[in-house]
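So, in structure tokens, the structure goes:
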């Protein structure tokens with residue numbers, strides 16, 4: 005059972021902030037966690053031995069998180085982190101194909117983008133993202149029957165489709181209020197998408213007039229159906 009209000013710890017109130025963010029709460033907490041991870045990495049852990057060993061073992065970051073890291077524009081930190089990885093790739097140029105990091109890179113590119121550039125290891129940022137995703141989903145399940153949580157959740161943007169599917173994988177059934185709210189959100193998105201298509205159809209004699217919000221439904225489709233960029237480890 006959820007804790008009484010006076011016993012709820014900080015994690016609950018951070019979850020409430022995520023629910024009230026106007027985004028999928030899992031995507032929101034994941035963005036906050038990765039932002040903190042990258043900032044801590046760049047300012048404190050570039051030369052951390054444990055991190056460098058993890059990065060070597062993984063062969064670097066996945067493409068998605070490498071580009072997110074590059075957005076911080078810390079050229080020196082990126083260069084320091086990647087020098088030995090590039091050196092390893094250079095050595096692999098003349099290595100037998102089965103052992104070449106370049107061959108591994110081609111194989112992992114075919115299997116999926118979340119693998120790293122030169123190995124089958126997990127991207128360090130993907131590992132952090134996976135841990136945060138599981139943690140947030142566990143808290144949602146824990147407080148799914150809590151009146152305070154439900155009141156906020158049923159007035160929120162709900163979950164993106166991928167994170168809702170992950171939430172459904174729990175053994176215990178989800179509360180009806182949570183399921184009904186998710187259903188309403190998707191029904192609204194279906195209606196708005198249909199109206200947008202009709203409004204853009206030049207062959208329609210009486211095309212619907214769209215609100216400013218409805219004109220950007222195509223952006224909402226991406227966030228709602230796929231989750232925020234980089235939100236799925």
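Numbering (the working numbering), first residue to last: 5 to 237. Note that CB positions come from ideal geometry on N, CA and C, so glycine has one too.
Given a cut-off of 8 Å, decide if residue 34 and residue 148 are closer than it, judged by their beta-carbon atoms.
Along the chain shown, read from residue 1 onward, the residue named residue 148 stands at position 144. Along the chain shown, read from residue 1 onward, the residue named residue 34 stands at position 30. No; because the gap between Cβ atoms is not below 8 Å, this pair is not in contact.
Just the Cα atoms here: how many angstroms apart are residue 94 and residue 32?
Stepping through the chain shown from its first residue, residue 94 is reached at position 90. Stepping through the chain shown from its first residue, residue 32 is reached at position 28. Distance between the alpha carbons of residue 94 and residue 32: 38 Å.
For a test of the three-state rule: what should DSSP assign to residue 181, helix, strand or coil?
In the chain shown, residue 181 corresponds to position 177, counting from 1. The DSSP-derived three-state label of residue 181 is helix.
Should the region 161 to 177 be called in touch with the region 198 to 216, which here means at least 3 C-beta pairs below 8 Å?
Below 8 Å, too few C-beta pairs join the region 161 to 177 and the region 198 to 216 to call them touching: fewer than three.
If you scan the region 128 to 195 from start to end, which runs of the alpha helix (DSSP H) of 4 or more residues do you find wholly inside it?
DSSP runs (the alpha helix (DSSP H)) wholly in the region 128 to 195: 128 to 146, 151 to 157, 165 to 172.
Got a sec, what are the start and stop residues for the alpha helix (DSSP H) residue 29 sits in?
Residue mapping note: residue 29 aligns to position 25 of the chain shown, counting from 1. Start and end: 29 to 48.
With a threshold of 7 Å on Cβ separation, who are the neighbours of residue 59 within its own chain once the five nearest residues in sequence on each side are excluded?
Here residue 59 refers to the residue found at position 55 when the chain shown is read from its first residue. Same-chain partners within the cutoff: 85, 128.
Where the alpha helix (DSSP H) containing residue 62 begins and where it ends
For the purposes of this step, residue 62 is identified with residue 58 of the chain shown, where counting begins at 1. Residue 62 -> alpha helix (DSSP H) spans 53 to 62.
Grab the span of the alpha helix (DSSP H) containing residue 214 for me, first residue to last.
Start at 1 with the first residue of the chain shown, and residue 214 comes out as number 210. Note, residue 214: premise wrong, no alpha helix (DSSP H); not H, not E.
Rounded to whole angstroms, how far is the Cβ of residue 182 from the Cβ of residue 157, which I believe are closer than 8 Å?
Within the chain shown, numbered from 1, the residue matching residue 182 stands at position 178. Within the chain shown, numbered from 1, the residue matching residue 157 stands at position 153. Rounded, the Cβ-Cβ distance is 6 Å, consistent with contact.
Among 81, 68, 23, which residue has its Cα nearest to the Cα of residue 38?
Residue numbering aside, residue 38 sits at position 34 when the chain shown is read from its first letter. For residue 38, the nearest C-alpha among the options comes from 68.
What's the gap between the Cα of residue 146 and the Cα of residue 213?
Sequence index remark: in the chain shown, residue 146 carries index 142 (1-based). Sequence index remark: in the chain shown, residue 213 carries index 209 (1-based). Taking the Cα positions, residue 146 is about 43 Å away from residue 213.
If you draw a straight line from the alpha carbon of residue 114 to that of residue 12, how long is it in whole angstroms?
The residue given as residue 114 occupies position 110 in the chain shown. The residue given as residue 12 occupies position 8 in the chain shown. Any answer about residue 114 is weak, because its pLDDT of 43 lies below 50 and its placement is not dependable; what the coordinates show is given next. Those two C-alpha atoms are separated by around 45 Å.
Have a look at residue 116 and residue 76 and give me their C-alpha separation to the nearest angstrom.
Along the chain shown, one-based indexing puts residue 116 at 112. Along the chain shown, one-based indexing puts residue 76 at 72. Unreliable placement is indicated for residue 116, whose pLDDT of 43 sits below 50; no coordinate value is reported for it.
Could you give the residue range of the alpha helix (DSSP H) that holds residue 229?
Within the chain shown, the letter at position 225 stands for residue 229. In the DSSP annotation of this structure, the continuous segment of the alpha helix (DSSP H) that includes residue 229 starts and ends at 221 to 230.
Less than 8 Å between the C-beta atoms of residue 82 and residue 73, yes or no?
Counting from 1 along the chain shown, the entry for residue 82 is found at position 78. Counting from 1 along the chain shown, the entry for residue 73 is found at position 69. In this structure, residue 73 lies closer than 8 Å to residue 82 by Cβ.
Rounded to the nearest angstrom, what separates residue 22 and residue 29 at their Cα positions?
For this step, residue 22 is matched to residue 18 along the chain shown. For this step, residue 29 is matched to residue 25 along the chain shown. If you take the alpha carbons of residue 22 and residue 29, they lie about 5 Å apart.
Taking the alpha carbon of residue 168 as the point to measure from, which residue in 193, 71, 216, 228 has its own alpha carbon closest?
The count along the chain shown starts at 1 and reaches residue 168 at position 164. Residue 168 has its Cα closest to that of 228, out of 193, 71, 216, 228.
For residue 171 and residue 141, I'd like the C-alpha separation in whole angstroms.
To locate residue 171, count along the chain shown from 1; it is residue 167. To locate residue 141, count along the chain shown from 1; it is residue 137. Roughly 6 Å between the two C-alpha positions.
For residue 143 and residue 160, what's the separation of their Cα atoms in angstroms?
For the purposes of this step, residue 143 is taken as residue 139 along the chain shown, with counting starting at 1. For the purposes of this step, residue 160 is taken as residue 156 along the chain shown, with counting starting at 1. Note on geometry: alpha-carbon atoms of residue 143 and residue 160 lie some 16 Å from one another.
Are residue 27 and residue 232 close, meaning C-beta to C-beta below 8 Å?
The residue given as residue 27 occupies position 23 in the chain shown. The residue given as residue 232 occupies position 228 in the chain shown. For residue 27 and residue 232, yes; Cβs fall inside 8 Å.
Note down the Cα distance separating residue 155 from residue 92, rounded to an integer number of angstroms.
Sequence index remark: in the chain shown, residue 155 carries index 151 (1-based). Sequence index remark: in the chain shown, residue 92 carries index 88 (1-based). For residue 155 and residue 92, the distance between alpha carbons rounds to 54 Å.
I'd like the list of long-range same chain contacts for residue 179, defined as Cβ closer than 8 Å, with 5 residues on each side in sequence excluded.
Residue 179 sits at position 175 when you count from the first residue of the chain shown. Cβ within range, chain order: 148, 149, 154.
First and last residue of the uninterrupted alpha helix (DSSP H) at residue 96:
Counted from its first residue, the chain shown places residue 96 at position 92. In the DSSP annotation of this structure, the continuous segment of the alpha helix (DSSP H) that includes residue 96 starts and ends at 79 to 96.
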